[in-house]
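Let me begin by presenting the structure, written as structure tokens, before commenting on it.
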Amino acid sequence: VFFIRSFFGIRKAFERSPIPARLLPLVGGAIVGLALIIFPHIAASGYDVMNTAFRGEMGGSLLLALVFVKILMTGVTLGSGGSGGVFAPAMFIGVAFGGGFAELVNSVLPGTIGEPGSFALVGMGAFLAGATHAPMTAIFLVFELTRDYNAVLPAMITSVAATLVARRMMNDSIDTYELSERGLNLHAGQEAHILRKLYVRSLVSKDFEPIPESMPVTDFVRYVTNSHHMYFPVVNNEGELSGMVSLQDLRGVLLDSEAWPYVVVGELAHKEIRKVKLSDTLHDAMQVIATMGWEQVPVVDDETQKRVVGMLRRSDLQDFYQKRLLARELHG
1031 VFFIRSFFGI
1041 RKAFERSPIP
1051 ARLLPLVGGA
1061 IVGLALIIFP
1071 HIAASGYDVM
1081 NTAFRGEMGG
1091 SLLLALVFVK
1101 ILMTGVTLGS
1111 GGSGGVFAPA
1121 MFIGVAFGGG
1131 FAELVNSVLP
1141 GTIGEPGSFA
1151 LVGMGAFLAG
1161 ATHAPMTAIF
1171 LVFELTRDYN
1181 AVLPAMITSV
1191 AATLVARRMM
1201 NDSIDTYELS
1211 ERGLNLHAGQ
1221 EAHILRKLYV
1231 RSLVSKDFEP
1241 IPESMPVTDF
1251 VRYVTNSHHM
1261 YFPVVNNEGE
1271 LSGMVSLQDL
1281 RGVLLDSEAW
1291 PYVVVGELAH
1301 KEIRKVKLSD
1311 TLHDAMQVIA
1321 TMGWEQVPVV
1331 DDETQKRVVG
1341 MLRRSDLQDF
1351 YQKRLLAREL
1361 HG
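In the working numbering, the protein residues as written are 1031 to 1362.
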């Protein structure tokens, strides 16, 4: 619950900030950079740190500190316009909390917990289930990681318990919280039905700027200076979607201007992206946007499913939905 509230609280703080939108990724990057100097463990997805915690080779104080730092820096990264999701951070935080708790108990009562790494694993499942309200996902993930049936029962108990407690404290998961804050209640059934009857083609924005993957970063930096967009679909020589790049992705190369002529946009782009088709429902598109953690996703044609025809923005989807819901309520 703290993770969800802090995540969206930080995002709102950035939205209300007087800092120009184009500079927000740089500000967020600077904050995260300072945190990385002190806690380099939070870099990227943190899988190496998680594996170390699984082996019980990290101190409890450090792990518990990483819990709070990772929560805050995840909010800063995504809230400032950075790209990424919340699934891997939720795993990291759960591992750090479970492992840190076990190490803390052992420091007070030595030998009480024989395998702190097991607590890290179970903590991952519990935290992930609590944040997403999806206990089965957490249980299957634990089993896939361990291939040990003995780990299923502890994961099942903690994941279900975490989900029940999280739902009791907050009705929404990290995927639905923002929608509820904007007045979109997906738990009522009627609202979800509205989204299932509408299609992406009714809301796709033609205001987008595809970027060739062969464009040098030098040209891209000059290009985005005169653009009002923050996200750009990347296309290959055939004009087919090959990835996505955001202003946040420039952060890593801005300080190394000498490398700009030798780096192309295709090297910065996210290749493993999700896209939506014109014929997809807005309900399905909502799930894709929530999973990616981005403010917009590329829309492709139905025939080839490779040619970009527009972008679907989270804000447009929410505004459109609210208007349809209000119209339905006014007309009974």
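Every residue, glycine too, gets a C-beta built ideally from N, C-alpha and C.
For the pair the region 1117-1126 and the region 1152-1170, tell me if three or more CB-CB distances fall below 8 Å.
They touch, by the three-pair rule.
Going by other Cβ atoms of all chains shown within 10 Å of its Cβ, with 16 needed for buried, is residue 1362 buried or exposed?
At residue 1362 the pLDDT is 46, less than 50, meaning the model places this residue with poor confidence; the figure from the coordinates comes in the next sentence. So residue 1362 counts as exposed.
Output the distance between the C-alpha atoms of residue 1103 and residue 1238, rounded to the nearest integer angstrom.
Distance between the alpha carbons of residue 1103 and residue 1238: 29 Å.
Please confirm if the region 1163-1174 is in contact with the region 1139-1146, defined as three or more CB-CB distances below 8 Å between the two stretches.
Taking a cut-off of 8 Å on C-beta distances, the region 1163-1174 does not touch the region 1139-1146, as fewer than three cross pairs fall below it.
DSSP bridge partner residues for residue 1241 (one or two, in chain order)
For residue 1241, which the question treats as bridged, DSSP gives the partners 1264.
Could you tell me if residue 1258 is buried or exposed, where buried requires 16 or more neighbouring beta carbons within 10 angstroms of its beta carbon?
Burial is judged here by how many other beta carbons sit within 10 angstroms of a residue's own beta carbon; residue 1258 has fewer than 16 and is exposed.
Taking the Cβ atom as the reference point for each residue, do residue 1328 and residue 1260 lie within a distance shorter than 8 Å?
Cβ distance not < 8 Å, so residue 1328 and residue 1260 don't count as in contact.
Taking the beta carbon of residue 1049 as the centre, do at least 16 other beta carbons fall within 10 Å, making it buried, or is it exposed?
It counts as exposed.
Span separating the alpha-carbon of residue 1251 from that of residue 1053
Using only the alpha carbons, I get a separation of about 13 Å.
Can you tell me where the beta strand (DSSP E) with residue 1200 in it begins and where it stops?
Segment: none, residue 1200 is in no beta strand (DSSP E) and carries neither H nor E.
Taking one C-beta from the region 1088-1100 and one from the region 1124-1133 each time, how about it: are there three or more such pairs within less than 8 Å?
Between the region 1088-1100 and the region 1124-1133, the count of C-beta pairs closer than 8 Å reaches three or more; the two stretches touch.
Answer yes if the region 1223-1236 comes into contact with the region 1326-1346, meaning at least three C-beta pairs across the two stretches below 8 Å, and no otherwise.
Judged by Cβ distances under 8 Å, the region 1326-1346 makes contact with the region 1223-1236, as three or more pairs qualify.
Element boundaries [beta strand (DSSP E), containing residue 1329]:
Segment 1326-1330, the beta strand (DSSP E) holding residue 1329.
Take residue 1062 and list the residues in its own chain whose beta-carbon comes closer than 7 Å to its own, dropping the five residues that flank it on each side.
For residue 1062, where only same-chain residues beyond five positions count, the Cβ hits under 7 Å are 1103, 1106 and 1107.
Only counting the same chain, and skipping five residues up and downstream in sequence, which positions put a Cβ closer than 8 Å to that of residue 1058?
Here the set comprises 1044, 1106, 1107, 1109, 1110, 1111, 1112 and 1278.
Assign residue 990 to one of three DSSP states: helix, strand, or coil.
Residue 990 is absent from the model: the chain starts at 1031 and stops at 1362.
Within the same chain, show all residues whose beta-carbon is closer than 6 Å to that of residue 1308, passing over the 5 residues directly before and after it, in chain order.
Sequence-distant partners of residue 1308 (beyond 5 residues in either direction) whose C-beta falls short of 6 Å from its own C-beta, in its chain, are 1230, 1231 and 1332.
Beta carbon of residue 1291, beta carbon of residue 1246: below 8 Å?
Yes, the pair counts as a contact, with Cβ atoms nearer than the cut-off.
Fully enclosed by the region 1133-1170, which alpha helix (DSSP H) runs are 4 residues long or longer?
Here the runs fully enclosed are 1146-1162.
Measure the alpha-carbon distance for residue 1334 versus residue 1267 and round it to whole angstroms.
Linking residue 1334 to residue 1267 through their CA atoms gives a straight-line distance of about 15 Å.
Could you tell me the distance, in whole angstroms, from the CA atom of residue 1038 to the CA atom of residue 1200?
Residue 1038 and residue 1200: Cα-Cα distance of roughly 14 Å.
With a CB to CB cut of under 8 Å and the five nearest residues on each side skipped, what residues in its chain are close to residue 1347?
Apart from the 5 residues on each side of it in sequence, residue 1347 sits with its Cβ closer than 8 Å to the Cβ of 1233, 1312, 1315, 1316 and 1319 in its chain, given in chain order.
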